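Below: the structure, in structure tokens.
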Amino acid sequence: MSKAFVAILMGSDSDLPVVEAAFDILKKFDIRFEAKITSAHRTPEGTKAYVKDAEARGCGAFICAAGMAAHLAGAVSATTLRPVIGLPMNASMDGLDALLSTVQMPAGIPVATVAIGKAGAKNAAYLAAQILATADDDLFTKLQAERADNATAVEAKDAALQAQLNG
Ligand code: RP5
Numbered sequence: 339m340s341k342a343f344v345a346i347l348m349g350s351d352s353d354l355p356v357v358e359a360a361f362d363i364l365k366k367f368d369i370r371f372e373a374k375i376t377s378a379h380r381t382p383e384g385t386k387a388y389v390k391d392a393e394a395r396g397c398g399a400f401i402c403a404a405g406m407a408a409h410l411a412g413a414v415s416a417t418t419l420r421p422v423i424g425l426p427m428n429a430s431m432d433g434l435d436a437l438l439s440t441v442q443m444p445a446g447i448p449v450a451t452v453a454i455g456k457a458g459a460k461n462a463a464y465l466a467a468q469i470l471a472t473a474d475d476d477l478f479t480k481l482q483a484e485r486a487d488n489a490t491a492v493e494a495k496d497a498a499l500q501a502q503l504n505g
């Protein structure tokens, strides 16, 4: 089990079905995580208090999922020096509103923004894992092994395709 933990914040329970894809990746790598529904707009004080507390308890990276005028990741980044990963949700406008709200941060307050939707949720978890792995050799080795397995799986699929095409 990893030492540092990942804090996953989401603006609404309506984000949960997509955010759960991040839970699965973190579980796969035995990374401790917390998840919390909290909003930059609806519960601004609670969001700030949680981030400060999580930081003090050893949070190594924050993942912030929000849709529409998505300010959660930016608000969290304004509150902490820990890395913040922004996950745009498709709550309206195919998620483009959330993508731009999350990615277009002013200089000095960074948010590492991943793709809209489930691929983004998975990549948010992978990126958080890679951040934690800078100080965790066991985790680094697990990530390396998974990359190798992925490459092997793609090569096997290609071999099957070539066999099908060439008889
Ligand atoms: C955002 O507004 C949330 O992150 C969610 O994606 C979107 C809609 O929220 P609900 O109206 O479904 O609670 O703050």
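Note that our numbering has the sequence shown beginning at 339, numbered continuously upward.
Don't be surprised by glycine CBs; every beta carbon is placed ideally from N, CA and C.
Note that the structure is a prediction, hence the values are computed from the model and not measured.
From the DSSP output, which residues share a beta bridge with THR451? GLY424
Under the three-state reduction of DSSP, which class applies to PHE361: helix, strand or coil? helix
Sequence-distant residues of the same chain with beta carbon closer than 7 Å to ASN428, five excluded per side: Excluding residues within five positions, the ones whose Cβ falls inside 7 Å are GLY405, ILE454, GLY455.
Helix or strand or just coil, what does DSSP make of LYS341? If DSSP states are grouped into helix, strand and coil, LYS341 belongs with coil.
Closer than 7 Å by C-beta to ASP435: which residues in its own chain qualify, once you throw out the five before and the five after it? Chain order, please. Around ASP435: MET406, ALA407.
Less than 7 Å between the CB of GLY349 and some heavy atom of ligand 1, yes or no? yes
Looking at C-beta atoms only, is the number of pairs between the stretch 470 to 479 and the stretch 435 to 453 that lie closer than 8 Å three or more? Cβ pair count under 8 Å is below three, so no.
Inter-stretch contact (C-beta, 8 Å, three-pair minimum) for the stretch 458 to 465 and the stretch 359 to 374: yes
Taking the straight line between their C-alpha atoms, what separation do you get for ARG420 and GLY412? 12 Å
At the level of alpha carbons, what is the spacing between LYS351 and GLY505? First, the residue type needs correcting, since residue 351 is Asp and not Lys in the sequence shown. Whole-angstrom Cα-Cα distance: 51 Å.
Proximity to ALA467 [Cα-Cα], best of HIS409, GLY349, PHE361: PHE361
Give the single residue among ASP476, GLU484, PHE478, VAL414 whose Cα lies nearest to the Cα of ALA450. VAL414
Helix, strand or coil at LEU347 according to DSSP, with G and I counted as helix: Note: LEU347 maps to strand in three-state DSSP.
Alpha-carbon spacing of LYS341 relative to THR385, whole angstroms: 23 Å
Mind checking whether LEU347 and CYS402 have CB atoms under 8 Å apart? yes
Quick one: residues in its chain with C-beta nearer than 8 Å to the C-beta of ALA416, no 5 flanking neighbours on either side, listed in chain order? ILE447
Quick check on DSSP: helix, strand or coil for ALA404? strand
With a Cβ-Cβ cutoff of 8 Å, do ALA378 and GLY349 count as a contact? yes
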